[in-house]
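Have a look at the structure below, then the notes.
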Amino acid sequence: MARISPLVLIPPVAFAGLAALFFFGMGRDDTLPSTLVGREAPAIAVTPLGKDAGFDTAVLKTPGVKLVNFWASWCAPCRAEHPMLEKLAAEGVPIYGINYKDDPAKALAFLQELGDPFHAIGADASGRMALNWGVYGVPETYVIDSAGKVVMRFAGPITAGELDRTLRPAIQGAR
1 MARISPLVLI PPVAFAGLAA LFFFGMGRDD TLPSTLVGRE APAIAVTPLG KDAGFDTAVL
61 KTPGVKLVNF WASWCAPCRA EHPMLEKLAA EGVPIYGINY KDDPAKALAF LQELGDPFHA
121 IGADASGRMA LNWGVYGVPE TYVIDSAGKV VMRFAGPITA GELDRTLRPA IQGAR
């Protein structure tokens, strides 16, 4: 009778371990933390984009919930989330757009093609202001309450599922 070498068991055991790692990894919370949540939103320092005069920090302390959305024309996920921003704007949620490290002409063409959901827009051509906000990459959206405090940070494109699961509850909670 031939003996089976214990080395034969290494590949299936390694595969089972890897499969378990992947399985449990899928259930973890992948949201990016933000040190801004619960704190006053950082200063707004944008340059005008197109005919819009831009906006400043004072707008964040106006009554009502508002969103600050960092976006760019070169960003494919920004294009994918755009219908959700238009939906929120149609529902009366003011969205302040910050065009991140983009060519102004391309940014304006993007808005002309897809529609402009923004209450006001400005540009952060250098990306310095985005660093103060803790932006990892675009798109990123922040929910701001009436006191100008950050209620929530959402990194990545807003999908229909995320809109209902994450953003709407944060907007309701900020009211």
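Per full-length UniProt numbering, the very first residue in the sequence shown carries number 1; after that it's consecutive.
Virtual Cβ for every residue (Gly too), placed ideally from N, Cα, C.
query	result
Would you tell me roughly how many angstroms separate the C-alpha atoms of Thr-141 and Leu-167, rounded to the nearest one?	9 Å
My output table needs one value for Trp-74: the three-state DSSP class, helix, strand or coil.	coil
Alpha carbon to alpha carbon, what distance is there between Ala-19 and Asp-116?	45 Å
In terms of alpha-carbon separation, which member of Leu-114, Val-68, Val-46 lies closest to Arg-79?	Leu-114
Taking the beta carbon of Ser-73 as the centre, do at least 16 other beta carbons fall within 10 Å, making it buried, or is it exposed?	buried
Could you pull out every residue in the same chain whose Cβ sits closer than 6 Å to the Cβ of Met-152, ignoring the five residues on either side in sequence?	Val-143, Ala-170
Classify Ile-171 as helix, strand or coil using the three-state DSSP reduction.	helix
Examine the Cβ distances between the stretch 146-160 and the stretch 51-70 and report whether three or more of them are shorter than 8 Å.	yes
Could you tell me whether the Cβ of Pro-11 comes closer than 8 Å to any Cβ of chain B?	Going by chain labels, chain B is absent from the structure shown, which holds only one protein chain.
Suppose the cutoff is 6 Å on Cβ atoms and the five residues either side in sequence are ignored; what does the same chain contact list for Lys-106 look like?	Ser-73
Where Leu-131 and Pro-104 are concerned, what is the direct C-alpha to C-alpha distance, given to the nearest angstrom?	20 Å
Expressed to the nearest angstrom, what Euclidean distance is found between the alpha-carbon atoms of Gly-92 and Val-65?	10 Å
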